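> Heads up: the sequence shown begins at 1 in my numbering, then just goes up one per residue. Here it is: the structure, laid out below.
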Amino acid sequence: MENNLLYSDYSLVVTEDGSHSIRFSAVDEGYHSVHGATSEAVHVYLLPNFATQAAQKSVLHVFEMGFGTGLNALLTYMFAHAMGCKVYYTAVEAYPVPYSVYSQLNYPVSCANILGDMFPDVCFDNLQHSFELMHTSAWGTPVSISDHFVLLKHHSLLHDVDFAPNSFDVVYYDAFAPQYQPELWTPEVFEKIYSAVAAGAILTTYCCKGDVKRALKAANFKIEKLPGPKGKREMLRAMPIGK
Ligand SMILES: C[S@@+](CC[C@H](N)C(=O)[O-])C[C@H]1O[C@@H](n2cnc3c(N)ncnc32)[C@H](O)[C@@H]1O
């Protein structure tokens, strides 16, 4: 993939729950499920991972593989606010989505609709502003988006980023599928993630392929299959062994 991507390299998609997603012509792959981008993110990353950890800890260190549209970051920001915890959110992104594309995404509205039903007593203010700040914030330096959310984005390939050992409680592994980017689903990559996660960390991913399960096990993760989001039978949750 190249780094000089243009507006024409992306197309905007409306998914089944009304939230947007994008397709990326460089890999001819969508960023999210057509059955609902926001619903999928809540099902795969927020509920079985972030919310489980946030119920037990008031400060959480989150790592996201592939910042992309910023959907997972915005949802985590909202959950952190609703659940009253402080989040240090680190994301790596090699091919940032351009302004002409992310400025069209309806996430501040669609996420407020979906999370409004889950947290009826919580008021989500200034989501549009916070979402824009997440995209415009500087690379390579922590930026405070609010009192409860600090964002550190690395404009880099995952292979080129160094992480402090034992630092993350939550990992959203949201790379393009192994058939498009097999190099992001190897035992070596998961060993790098293993070294970066703390004892008791949770990694979730939408991908439940046999090779991915074997790569996670080879890197010393215990894996568990969970029911997938709409349109997918299964997803994976993994926890490090021996930390
Ligand atoms: C499936 S998309 C998900 C993005 C994001 N989580 C979202 O919800 O929009 C995968 C993301 O990984 C990024 N990516 C692809 N290869 C990468 C690499 N080697 N290192 C870091 N990011 C990469 C892509 O540009 C894309 O944004």
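Glycine is no exception: its CB is placed at the ideal position from the N, C-alpha and C atoms. Since the model is a prediction, treat every value here as computed from it, not as a measurement.
Would ALA41 and LEU12 be called neighbours here (beta carbons separated by less than 8 Å)?
Against a cut-off of 8 Å, the Cβ pair of LEU12 and ALA41 comes out as no contact.
> With DSSP run on the structure shown, which of helix, strand or coil describes ILE202?
Reduced to three states, the DSSP call for ILE202 is strand.
> Is it true that the CB of VAL197 sits closer than 8 Å to the CB of VAL171?
For VAL171 and VAL197, yes; Cβs fall inside 8 Å.
> Note down the Cα distance separating PRO227 from ASN166, rounded to an integer number of angstroms.
Looking at the two C-alpha atoms, the distance is approximately 28 Å.
> Under 7 Å: does the beta carbon of HIS32 sit that close to some heavy atom of ligand 1?
At least one heavy atom of ligand 1 is nearer than 7 Å to the Cβ of HIS32, so yes.
> Examine ligand 1 and report whether any of its heavy atoms sits within less than 7 Å of the Cβ of VAL13.
No - ligand 1 has no heavy atom lying nearer than 7 Å to the Cβ of VAL13.
> How about TYR95: is its Cβ closer than 7 Å to a heavy atom in ligand 1?
Checking the Cβ of TYR95 against ligand 1 gives yes.
> So the candidates are TYR206, GLU188 and ILE22; which of them puts its Cα closest to the Cα of VAL101?
If we check each option's Cα against that of VAL101, ILE22 comes out closest.
> For GLY66, count the other beta carbons within 10 Å of its own beta carbon; 16 or more makes it buried, fewer makes it exposed. Which is it?
Classification for GLY66: buried.
> Taking only runs that begin and end inside the region 180-231, name each unbroken alpha helix (DSSP H) of 4 or more residues, in chain order.
Fully enclosed alpha helix (DSSP H) runs of 4 or longer: 187-196 and 210-218.
> Please report the distance separating the alpha-carbon of TYR77 from that of ILE202.
Their Cα atoms are separated by approximately 18 Å.
> Measuring straight from C-alpha to C-alpha, what distance separates ALA80 and ALA51?
The alpha-carbon atoms of ALA80 and ALA51 are separated by roughly 9 Å.
> With C-beta atoms as the reference, is SER33 less than 8 Å away from PRO229?
Closer than 8 Å, so yes.
> Is it a yes or a no for the region 205-225 touching the region 86-99, going by three-plus beta-carbon pairs under 8 Å?
Flag = no, the region 205-225 and the region 86-99 do not touch.
> Hey, how far is the Cα of PHE124 from the Cα of VAL27?
Between PHE124 and VAL27, the C-alpha separation is close to 35 Å.
> How about TRP185 and ALA175: are their beta carbons less than 8 Å apart?
Yes, the Cβ-Cβ distance between TRP185 and ALA175 is below 8 Å.
> Mapping DSSP to helix, strand and coil, what is ASP169?
Residue state, collapsed to three classes: strand.
> Just the C-alpha distance for LEU105 and SER137, rounded to the nearest angstrom, thanks.
One C-alpha to the other measures close to 17 Å.
> Consult DSSP for VAL143 and reduce its assignment to one of helix, strand or coil.
Strand at VAL143.
> Check VAL97 in the structure and name its three-state DSSP category.
Note: VAL97 maps to coil in three-state DSSP.
> Rounded to the nearest angstrom, what separates SER103 and GLY242 at their Cα positions?
Roughly 43 Å separates the two Cα atoms.
> Keeping to the same chain, check which residues put their C-beta closer than 6 Å to that of LEU152; ignore five residues upstream and five downstream.
Same-chain partners within the cutoff: THR90 and PRO142.
> Kindly indicate which three-state DSSP category SER21 falls into: helix, strand or coil?
Strand.
> Using only the heavy atoms of ligand 1, determine whether one of them is closer than 7 Å to the beta carbon of VAL92.
True, at least one ligand heavy atom lies under 7 Å from that Cβ.
> Please decide whether VAL161 counts as near chain D, where near means a Cβ-Cβ distance under 8 Å.
No chain D is present in this structure, which holds just one protein chain.
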